[in-house]
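Peer 1: Pasting a structure here, questions to come.
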Amino acid sequence: MTFSPEPVSVLFTEQQIAERNAELAREIAEAVPPGLFLVALLRGSFMFAADLMRALHHIGVHPQLDFITLSSYGGGMKSSGNVTLHQGLTEDIAGRPVVLVDDILESGRTLFFAKQLLLGLGAKEVRIAALLEKPGHRAVQIDADFVGFVCPDKFLVGYGLDYGNYYRELPFIGYLSR
Ligand code: IMP
Ligand code: MG
Numbered sequence: 005m006t007f008s009p010e011p012v013s014v015l016f017t018e019q020q021i022a023e024r025n026a027e028l029a030r031e032i033a034e035a036v037p038p039g040l041f042l043v044a045l046l047r048g049s050f051m052f053a054a055d056l057m058r059a060l061h062h063i064g065v066h067p068q069l070d071f072i073t074l075s076s077y078g079g080g081m082k083s084s085g086n087v088t089l090h091q092g093l094t095e096d097i098a099g100r101p102v103v104l105v106d107d108i109l110e111s112g113r114t115l116f117f118a119k120q121l122l123l124g125l126g127a128k129e130v131r132i133a134a135l136l137e138k139p140g141h142r143a144v145q146i147d148a149d150f151v152g153f154v155c156p157d158k159f160l161v162g163y164g165l166d167y168g169n170y171y172r173e174l175p176f177i178g179y180l181s182r
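Numbers given in the numbering used here equal positions in the sequence shown, counted from 1, plus 4.
Structure below.
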């Protein structure tokens, strides 16, 4: 199968993202007590989580990591509104301060679902690090404690974010400019 990518307009460059990740790591290190556990939501946050973890390393923080896989989009550009759990944690997070890592906070349903799940598993506290926050679509009351960038109301791709599971490999964040 061949895929012909459409042009993508750059919104946040690789360098801007790297600089912001370093700042986020410092914010997290200051706010979170020892024993940091990162839980990243697959698949959209895989690149952000990897870079954030390295940024934490560079300032002497040594978090542990696990993933959960949730879905709400089902491949298109509109959220279905239903969050489905595909794969839960393998590690025990009971009693741990957790930072939940996601790519983008939009309606808030995904992060709300994930936060409840982690609290139910006994996390001592759950804070949220969202690479992007897209205002104007919030359906549930939830806020991110750490936000990379507030973004415009466009469908974004790159740096882990996908359209139909493509464009994740882009090292920058942008939008389809057709
Ligand atoms: P929420 O549950 O509506 O907050 O949506 C969050 C999830 O929808 C994110 O974790 C993303 O996976 C996906 N999503 C929301 N907006 C975009 C976008 O602009 N591009 C790609 N995925 C998105
Ligand atoms: Mg996601």
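For each residue, glycine too, the CB sits at the ideal point set by N, CA and C.
1. What residue from L74, K82 and I97 has the CA that sits closest to L115's CA?
2. Tell me the DSSP bridge mates of T88?
3. Alpha carbon to alpha carbon, how far is A53 from E27? Give it in angstroms, no decimals.
4. Suppose contacts are defined by Cβ-Cβ distances below 9 Å. Is F71 in contact with R172 by that definition?
5. Taking P175 as the reference, give the member of I21, F7 and C155 with the closest Cα.
6. Give the single residue among I132, F7, L42 and V65 whose Cα lies nearest to the Cα of R30.
7. At a cut-off of 8 Å, is E110 close to ligand 3 when judged by its beta-carbon and the heavy atoms of the ligand?
8. How is the alpha helix (DSSP H) around D55 delimited, first residue to last?
9. Excluding the 5 residues flanking G140 on each side, which residues of the same chain have their C-beta closer than 8 Å to its C-beta?
10. Using C-beta distances below 6 Å, list every residue in its chain close to A133, excluding the 5 sequence neighbours before and after it, in chain order.
11. Given R4, which residues of its chain have a CB within under 6 Å of its CB, disregarding the five upstream and five downstream residues?
12. Pull up the distance between the alpha-carbon of P11 and that of I177, whole angstroms please.
13. Given a cut-off of 9 Å on the beta-carbon distance, is the pair V43 and A118 in contact?
14. Under a Cβ-count criterion, where at least 16 other Cβ atoms within 10 Å of its own Cβ denotes burial, should M5 be classed as buried or exposed?
Peer 2: By the coordinates alone:
1. If you number the sequence shown from 1, residue 115 lands on position 111. When each option's Cα is compared against that of L115, the closest is L74.
2. Reading the sequence shown from its first residue, position 84 is the one you call residue 88. Answer by DSSP bridge pairing, in chain order: S75.
3. Here the question's residue 27 lines up with position 23 in the sequence shown. Here the question's residue 53 lines up with position 49 in the sequence shown. Answer to the nearest angstrom: the Cα atoms are 14 Å apart.
4. Translated into the one-based positions of the sequence shown, residue 71 becomes position 67. Translated into the one-based positions of the sequence shown, residue 172 becomes position 168. Not in contact: F71 and R172 (Cβ atoms no closer than 9 Å).
5. Here residue 175 is taken as the residue at index 171 of the sequence shown, counted from 1. Per the Cα distances, I21.
6. Indexing the sequence shown from 1 puts residue 30 at position 26. That would be V65, whose Cα lies nearest to the Cα of R30.
7. Absence of ligand 3 is noted for the structure shown, with ligand 1 and ligand 2 being the only ligands found.
8. As a first step, residue 55 must be located in the sequence shown, where it is residue number 51. F50 to H62 is the span of the alpha helix (DSSP H), which, as asked, contains D55.
9. For the purposes of this step, residue 140 is taken as the residue at position 136 of the sequence shown. Taken in chain order, the residues that qualify are D157.
10. The residue given as residue 133 occupies position 129 in the sequence shown. Excluding residues within five positions, the ones whose Cβ falls inside 6 Å are V103, V105 and F150.
11. Residue 4 lies beyond the residue range present for the chain, which begins at 5 and ends at 182; the question has no answer from this structure.
12. In the sequence shown, the residue the question calls residue 11 occupies position 7. In the sequence shown, the residue the question calls residue 177 occupies position 173. Going by the C-alpha atoms only, they are around 12 Å apart.
13. On the sequence shown, residue 43 is found 39 positions in, with the first residue counted as 1. On the sequence shown, residue 118 is found 114 positions in, with the first residue counted as 1. It is a contact, given that the beta carbons lie within the stated cut-off.
14. The residue labelled residue 5 in the question sits at position 1 within the sequence shown. Burial call: exposed.
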